[in-house]
Amino acid sequence: MAGTSKGEHRIGLLNGIAAYGMWGLVPLFWPLLKPAGAMEILAHRMVWSLVFVAVALVFTRRWAWAGELLRQPRRLALIAVAAAVITVNWGVYIWAVNSGHVVEASLGYFINPLMTIALGVLLLKERLRPVQWAAVGVGFAAVVVLTVGYGQPPWISLCLAVSFATYGLVKKKVNLGGVESLAAETAIQFLPALAYLIWLSTQGYLTFATQTPAHAVLLASTGIVTALPLVCFGAAAIRVPLSTLGLLQYLAPVFQFLLGILYFHEAMPPERWAGFALVWLALVLLTWDAMRSARRARVVAMSRRTDPAAAAVDAVDV
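Quick note on my numbering: the sequence shown kicks off at 919 and runs consecutively.
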């Protein structure tokens, strides 16, 4: 049993690395789709993602959730909100990468955990520990420094962070699996995206039909590029602890940041380094606090299992 557990953990870890690795390396893919503009790429991503996940669901025969979802208007409304928010996130990210803002896009995903905490406080009235407050304060200072450096707030980063944090919050409320959620969201996106592509075609601007067959294949593969990391993430989520996934999530922005500097040769003036350094400090504080809290929780759980008196007190408290 122990061997099986270790094997499952290893499979989960590899899937997690694969998922966040693919998300981290995706800036290499979007420029390949030029001369298609960001809006056309976005529309293709919506259309072909639905095609890909629909085929996957047909093969796995996982359709029971769809009937249940259609009978729950509140969850359907939340799915529609998630679809709208992720549309903004995808569109801004594609535009940012293809416009030479890979480093700023990576900053958005570094800031994302801080934005998630901020939304938890503002919308869910969650209470923060002192270290979490310190991390949020350092993150705010980083945005101020970057605003001075850019001459304006880092809008791309903030838009990506806010949209993805909101998306995560809504998905938590929906409580639907990754592939199933993507299927539902892209089903909502499909008709508007298809209508936009048809309109582009009537105007003579659709590159899918006017460029090489290889270009058409690359546009169609946006569905695979979108869905495959989610499949790997789903396999990881059921096999490794959330604390491990929390650490792995930093792989994506790290890869994006390195690509922005080393491959796309984007500028990194001193004030931008200072802002990034503050963001990284905030993330170190968050990670340390999360690991400390998880360790304390494990110690308490073990003491309750080994101490009958503690367990009895727990029973009385309940």
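Every residue gets a Cβ at the ideal spot worked out from N, C-alpha and C, and that includes glycine.
Other residues of its chain near residue i: CB distance less than 7 Å, five sequence neighbours each side excluded
i: Q1167; result: Y938
i: G1096; result: L1148, F1151 and G1152
Closest residue to residue i among the options (Cα-Cα distance)
i: Q1050; options: I1035, V1061 and A1059; result: I1035
i: K1090; options: T1125, A1134, A1113 and L1037; result: L1037
i: M940; options: V1217, A1127, T1205 and T1140; result: T1140
i: G985; options: A1102, K1043, L932 and V999; result: A1102
i: I1012; options: V1056, M957 and A1052; result: M957
i: W1191; options: Y1181, I1004 and F1175; result: F1175
i: L1146; options: A974, L960 and P945; result: A974
i: L946; options: T1005, L1041, P1159 and G1018; result: G1018
i: A1060; options: A1195, A1079, D1207 and A1208; result: A1195
i: L943; options: L1094, Y1114, A982 and S1024; result: S1024
i: L1239; options: L932, A1053 and P949; result: No statement about residue 1239 is possible, as the shown extent of the chain runs from 919 to 1236 and does not include it.
i: A982; options: L1094, L1109 and A1079; result: L1094
Residue i (DSSP reduced to helix, strand or coil)
i: G1152; result: helix
i: V1231; result: Legend: pLDDT at V1231 = 42, less than 50; position of this residue unreliable, value from coordinates given subsequently. V1231: helix per DSSP, three-state reduction.
i: M919; result: With a pLDDT of 41 at M919, under the threshold of 50, the modelled position of this residue cannot be trusted; read the value that follows with caution. Here M919 sits in coil by DSSP.
i: F1058; result: helix
i: R901; result: With the chain covering only 919 through 1236, there is no way to say anything about residue 901.
i: F947; result: coil
i: Q1050; result: helix
i: H1183; result: coil
Spatial neighbours of residue i in its chain, beta-carbon cut-off 8 Å, leaving aside the 5 residues before and after
i: I929; result: A1153 and R1157
i: R1047; result: D1207 and S1211
i: L988; result: L994
i: L1100; result: S967, V971, T1144, A1145 and L1148
Close beta carbons around residue i, own chain, < 6 Å, minus the five adjacent residues each side
i: L1087; result: L1037
i: A1001; result: E1103, I1106 and Q1107
i: L1115; result: A961
i: F1182; result: V1020
Requested in this report: Within the stretch 956–1043, note down every full alpha helix (DSSP H) run reaching 4 residues or more, in order along the chain.
Outcome: Inside the stretch 956–1043, DSSP marks whole alpha helix (DSSP H) runs of 4 or more residues at positions 956–978, 982–988, 991–1016 and 1020–1042, from first to last along the chain.
Query raised in the report: How about the stretch 936–956 and the stretch 990–997: do they share at least three Cβ pairs that are nearer than 8 Å?
Result: With the cut-off at 8 Å, the stretch 936–956 and the stretch 990–997 do not touch.
Query raised in the report: Just checking, does the stretch 1197–1211 make contact with the stretch 1015–1031 on the three C-beta pairs under 8 Å criterion?
Result: With a cut-off of 8 Å, the stretch 1015–1031 and the stretch 1197–1211 count as touching, because enough Cβ pairs lie within range.
Report task. Please determine if the stretch 1068–1082 and the stretch 1012–1025 are in contact, where contact requires at least 3 C-beta pairs separated by less than 8 Å. Result -> Yes, they touch.
**Report entry** Contiguous alpha helix (DSSP H) assignments of at least 4 residues, all confined to the stretch 1076–1129
**Finding:** Fully enclosed alpha helix (DSSP H) runs of no fewer than 4 residues occupy 1096–1121 and 1125–1128 of the stretch 1076–1129, in order along the chain.
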